[in-house]
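In the working numbering, the protein residues as written are -8 to 126.
Scroll down for the structure; my scribbles are underneath it.
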């Protein structure tokens, strides 16, 4: 796509219809749109940070059941980028380790030995890469 060009990412989400192995029916509360720049290989392959990656939009989907389509507007900037989705039941989230301006609804760590993965459920999508011409 070209710089400044707009597109809409249509995402179909189907909520859980049956309980998980713990017997809890997960209820999706929000879907976060995560966006980051694509610049090629990093200098330090052990680094876990992507400085320009952040949550750019959060969709409140609490109370929805069945299947719904989220329409996410995107605009190409100066460089190629990726988007991915992350969502949770909202039971345990807050500002991520890089702060609320980067990750306002990130998963909060549990104290050692105190986490119950069935009571705090998340999903993560694979990234969708968008090539921007001339970047």
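For every residue, glycine included, the Cβ atom is placed at its ideal position computed from N, Cα and C.
For residue 51, the uninterrupted beta strand (DSSP E) run begins and ends at 45 to 51, by DSSP. In the DSSP assignment, residue 64 falls within the unbroken beta strand (DSSP E) covering 58 to 66. Residue state for residue 113 is assigned as strand, using DSSP reduced to three classes. Counting the other Cβ atoms within 10 Å of the Cβ of residue 112 gives 16 or more, which makes it buried.
Looking at 90, 85, 65 and 108, the one whose alpha-carbon comes closest to that of residue -5 is 65. Its chain contains 75, 76 and 77 as the residues whose beta carbon lies nearer than 8 Å to that of residue 115, once the 5 sequence neighbours on both sides are disregarded; these appear in chain order. The beta carbons of residue 119 and residue 61 sit no closer together than 8 Å.
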